[in-house]
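For what it's worth, our numbering labels the leading residue of the sequence shown as 324, then goes sequentially.
For every residue, glycine included, the Cβ atom is placed at its ideal position computed from N, Cα and C.
All figures in this text were calculated on a predicted structure; none of them were measured in a lab.
Working notes, beginning with the structure itself.
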Amino acid sequence: MPTITKIEVILLSLPFARPFKIALAVMDSAQHIIIRLHDSDGLVGVGEGVPARFVTGEAPETAFEAAKLYAGLLVGKNPLQIEARLSEMERFMLKNPATRCAYDLALYDLLAKHANLPLYALLGGAKQVIHSNRTIGIDTPEAMAATAKKHVENGVTALKIKVGTGRDEDIARIRAIRLSVPKSVALRLDANQAWDEITSLNILNALAEDEIEACEQPLPYWNFDGLKRLRERSLIAIMADESIFDAHDAFRLAQMGAVDFFNIKLAKSAGLHGALKINTIGAAAGIRCMLGGMSETLIGVSAGAHLICACPNITLHDLDSPFHFAENPILGGVDFQPNGTVTLTDAPGHGADLKPEWIEKSQRVVISHQ
């Protein structure tokens, strides 16, 4: 059986093409933990996690240190025993979901390469063309409407709209966008925890005739009871994002009847293993899922696209983060067009890796088996 011979832990920093504003922050770059697992058969598994202080509770610096500790735990062991390796990591050091996500994706990528299968086939799925929304950051109503119109002219069929600065401004943004695009274009709101219950109910019911598909995380992450009350009174469907990290959160939300949708993000669920559990709970409870993102490169987006192909209950797709970046540091992976279509390759694994020049110029530590 193969063993992990060395692990490359890489801290990748990527500037955005332009600042991106959400209710929680204004972002002009993203930091990524990249893991490259080398095994005794000469194969390499590649994974990515995006630490976010305001969501996962991880800073890039702490995530990099945690990733080095996890590397020391895993090196020399069998990478194909994914359940054992992930359980060891969780017992060794709790939390750190984005950091563990990077290892999870690398382990699944390596397993698929050993099977000589694309990841979607390893997961039991079938190849399909995926249609992702495009995301519009907070700006003036006029600027956001112009961006929406441009996306739709390019062929986009669904838009995710960031809101959360105040009732009147948010309503003005949504109505400007709705007037600028056909009613056939799906609109999904994302308040990123910015509202309270009264504000949420006021805004959502005011927009009831604007054909909004769902509102993502209107309330603070901890307010499960508030989400339930809001869902019972809102005329627009409610989606959990920051409230749902793992299967325990999913079970509790489903049991309460608190939301209509789960937003699965690999950086929150600690990777594919956790995401599959959340989706299974959602499917059993009749709760459809979205596959969202945390500013991943094409490594994380490719892994997410393969997951979608294996999970029919993941019906909403939010994979457009690679368009944020000023440069593409990735070789291979899915083909993502400006119209939102995502096409998978049949390469073994998820098909993506960091370009050699980016490996060399990024902060990197190599842990080898002695």
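The alpha helix (DSSP H) spanning residue i covers which residue range?
i, result
"Lys684", "679 to 684"
"His474", "464 to 476"
"His437", "420 to 438"
Check the C-beta distance from residue i over to residue j and give it rounded, since I have them as a contact under 8 angstroms.
i, j, result
"Arg501", "Asp533", "5 angstroms"
"Met562", "Met613", "7 angstroms"
"Ala435", "Gly672", "4 angstroms"
"Gly460", "Ile345", "6 angstroms"
"Glu539", "Arg511", "7 angstroms"
Taking the beta strand (DSSP E) that residue i belongs to, which residues open and close that run?
i, result
"Leu654", "653 to 655"
"Leu639", "637 to 640"
Considering only the beta carbon of each residue, do residue i and residue j sit closer than 7 angstroms?
i, j, result
"Arg423", "Ala649", "no"
"Asn271", "Leu639", "Lying before the first or after the last residue shown, residue 271 is absent from the chain, which here runs from 324 to 693."
"Pro669", "Pro441", "One point to set straight first is that residue 669 is Asp, not Pro, in the sequence displayed. Yes."
"Ala560", "Ala537", "yes"
"Leu667", "Ala607", "no"
"Val688", "Lys391", "yes"
"Ile330", "Ala382", "no"
"Gly372", "Ala590", "yes"
"Ile653", "Ala626", "no"
"Leu360", "Pro402", "yes"
"Ser685", "Ile333", "yes"
"Arg496", "Pro541", "no"
Quick check on DSSP: helix, strand or coil for residue i?
i, result
"Cys612", "strand"
"Leu397", "helix"
"Pro342", "strand"
"Arg694", "Since the first residue shown for the chain is 324 and the last is 693, residue 694 is missing from the structure and cannot be characterised."
"Asp569", "coil"
"Ser455", "coil"
"Val689", "strand"
"Glu619", "coil"
"Asn528", "helix"
"Gly627", "helix"
"Thr488", "coil"
"Asn323", "What the structure shows of the chain is the stretch from 324 to 693, and residue 323 is not part of that stretch, so it cannot be assessed."
"Met412", "helix"
"Leu403", "coil"
"Cys634", "coil"
Pull the bridge partners of residue i from the DSSP assignment, please.
i, result
"Val332", "Ile358, Val688"
"Ser557", "Ser557 pairs with nothing; no bridge assigned."
"Ser523", "Paired residues: none, contrary to the question."
"Leu482", "Arg457, Leu510"
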